[in-house]
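Undergrad: Structure below; questions to follow.
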Amino acid sequence: MQPYLSVVICVYNEEGNIFPMIEQIERALIGYDFEIVYVNDGSSDRTLAELKSVHNDRLVVVDLQTNYGQSLALAAGIDVAKGQYIVTMDGDLQNDPADIPMMLQLAEEGDYDLVAGIRAKRQDGALLRKLPSRIANWIIRQTSGVHLKDYGCALKVFRADLAKSLGLYGELHRFIPVLARLEGARMTQADVQHHPRRIGQSKYGLGRTLKVVSDLILMLFMKKYLRKPMHLFGNWGLMALATGLLINGYLLVQKLMGHDIWGRPLLILGTILVLAGIQLITFGIMTELQMRTYYESQDKKPYKIRRIYKSELV
Numbered sequence: 001m002q003p004y005l006s007v008v009i010c011v012y013n014e015e016g017n018i019f020p021m022i023e024q025i026e027r028a029l030i031g032y033d034f035e036i037v038y039v040n041d042g043s044s045d046r047t048l049a050e051l052k053s054v055h056n057d058r059l060v061v062v063d064l065q066t067n068y069g070q071s072l073a074l075a076a077g078i079d080v081a082k083g084q085y086i087v088t089m090d091g092d093l094q095n096d097p098a099d100i101p102m103m104l105q106l107a108e109e110g111d112y113d114l115v116a117g118i119r120a121k122r123q124d125g126a127l128l129r130k131l132p133s134r135i136a137n138w139i140i141r142q143t144s145g146v147h148l149k150d151y152g153c154a155l156k157v158f159r160a161d162l163a164k165s166l167g168l169y170g171e172l173h174r175f176i177p178v179l180a181r182l183e184g185a186r187m188t189q190a191d192v193q194h195h196p197r198r199i200g201q202s203k204y205g206l207g208r209t210l211k212v213v214s215d216l217i218l219m220l221f222m223k224k225y226l227r228k229p230m231h232l233f234g235n236w237g238l239m240a241l242a243t244g245l246l247i248n249g250y251l252l253v254q255k256l257m258g259h260d261i262w263g264r265p266l267l268i269l270g271t272i273l274v275l276a277g278i279q280l281i282t283f284g285i286m287t288e289l290q291m292r293t294y295y296e297s298q299d300k301k302p303y304k305i306r307r308i309y310k311s312e313l314v
């Protein structure tokens, strides 16, 4: 039977947090029909062994072939999830499952496709976590036009159809609200609790911010041109072609008036612009056709699942 709610948690070397996290979720969701989908993202410690030792018929464990990173691990968990609503959260006990009922109620009553958490009182280091996060949040808000307060909070509640329509890779999990807006989603925010990490080490830091900036460039391209690449290449191509034709037209008039135009730099520039314009327009058409083929026929997953464990089979 399809559960009403799927809680998706991606973990990498979180062996000490497995049992406490599951206990917290069970307490927070008493009375709900739910499943817990854990994604083991190539952990090198005893995370998988700890998950396999849990005897809970709500638990589904997705063991990935290798470490793919948070975005692809999240995509795998969302693909496996069967709930009508999907909750995503970190597995380090910093997100509080007690906030899930409030967020779910907000999604149901407000008919929202996405409810994003805001860590009102963050409990982590100012230099390595808060400062890079604030910088990244500001950059994303300014460039994407989607003005959420906290892009880095993993605790979110989605309608399943929205969650499954998001193409996550790289570090794009941070851009989920932007991707959701591209899908026409209705979304809101809610203050949630945030606890200090008690067990294990954080995988975040300044290096993650650099990855975010790299993916931000990709995100901007996706936001404007992924679905209509002809708008990018075609516009530049038309401008180059028009400029080249104007230059060559001017030179043609000069030639008809008896002036020598051969060897003039302007002739070379005009010819180059015309050729470049034709090439850009042609490339835009080819890219447009390729993207349409991609969307119509692409069904290959960017991750590989080694095995899916369910408690009754463990």
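Going by full-length UniProt numbering, the first residue of the sequence shown is number 1, and it counts up by one from there. Every residue gets a Cβ at the ideal spot worked out from N, C-alpha and C, and that includes glycine.
Since V39 contacts K52 with CB under 8 Å, what's their CB separation in whole angstroms?
TA: Here residue 39 is taken as the residue at index 39 of the sequence shown, counted from 1. Here residue 52 is taken as the residue at index 52 of the sequence shown, counted from 1. Contact between V39 and K52 does not hold, since the beta-carbon distance rounds to 14 Å and is not under 8 Å.
Undergrad: What number of angstroms, rounded off, separates the C-alpha of D260 from the C-alpha of Y250?
TA: Locating residue 260 in the sequence shown gives position 260, counting from the first residue. Locating residue 250 in the sequence shown gives position 250, counting from the first residue. Spanning the two alpha carbons is a distance of roughly 13 Å.
Undergrad: Round the Cβ separation of I281 and G237 to the nearest angstrom and send it over; I've been treating them as touching at under 8 Å.
TA: Numbered from its first residue, the sequence shown carries residue 281 at position 281. Numbered from its first residue, the sequence shown carries residue 237 at position 237. Indeed, because the Cβ distance is near 4 Å, the residues count as touching under 8 Å.
Undergrad: Buried or exposed: where does M257 fall if 16 or more other Cβ atoms within 10 Å of its Cβ makes it buried?
TA: On the sequence shown, position 257 is the one that residue 257 refers to. Under this definition M257 is an exposed residue.
Undergrad: Report the option in K82, D79, V80, I100 whose CA atom is closest to the CA atom of M89.
TA: Taking the sequence shown and counting its residues from 1, the one referred to as residue 89 is at position 89. Out of K82, D79, V80, I100, I100 has the C-alpha closest to the C-alpha of M89.
Undergrad: Since C153 and V192 should fall inside the 8 Å C-beta cutoff, what is the C-beta to C-beta distance between them, to a whole number of angstroms?
TA: If you number the sequence shown from 1, residue 153 lands on position 153. If you number the sequence shown from 1, residue 192 lands on position 192. Contact flag correct, Cβ pair sits at about 7 Å.
Undergrad: Pull up the DSSP beta-bridge partners for A190, would you.
TA: Indexing the sequence shown from 1 puts residue 190 at position 190. Its beta-bridge partners are G117.
Undergrad: Just reading off the beta strand (DSSP E) that F175 is part of, what are its end residues?
TA: Locating residue 175 in the sequence shown gives position 175, where the first residue counts as 1. That residue, F175, is in no beta strand (DSSP E); it is neither H nor E in DSSP.
Undergrad: Measuring only from the beta carbon, is D92 closer than 7 Å to any heavy atom that is part of the ligand PLP?
TA: The ligand PLP is absent from the structure shown, which contains no ligands of any kind.
Undergrad: To which residues of the same chain is L267 closer than 7 Å at the C-beta, ignoring the five residues directly before and after it?
TA: For the purposes of this step, residue 267 is taken as the residue at position 267 of the sequence shown. Once the five neighbours on either side are set aside, the close Cβ partners of L267 are L251, I261.
Undergrad: Per DSSP, what are the beta-bridge partners of T88 in this structure?
TA: For this step, residue 88 is matched to residue 88 along the sequence shown. T88 is bridged to V8, K156.
Undergrad: State the start and end residues of the unbroken beta strand (DSSP E) segment that holds E35.
TA: Here residue 35 corresponds to residue number 35 of the sequence shown, with the count starting at 1. It spans 34–40 - the beta strand (DSSP E) in which E35 sits, taken as one unbroken run.
Undergrad: May I ask which residues mark the beginning and end of the alpha helix (DSSP H) holding R264?
TA: Mapped onto the sequence shown, residue 264 falls at position 264. Note, R264: premise wrong, no alpha helix (DSSP H); not H, not E.
Undergrad: Assuming R307 is part of the beta strand (DSSP E), what are its boundary residues?
TA: Locating residue 307 in the sequence shown gives position 307, where the first residue counts as 1. Where R307 is concerned, the enclosing beta strand (DSSP E) stretches over 305–310.
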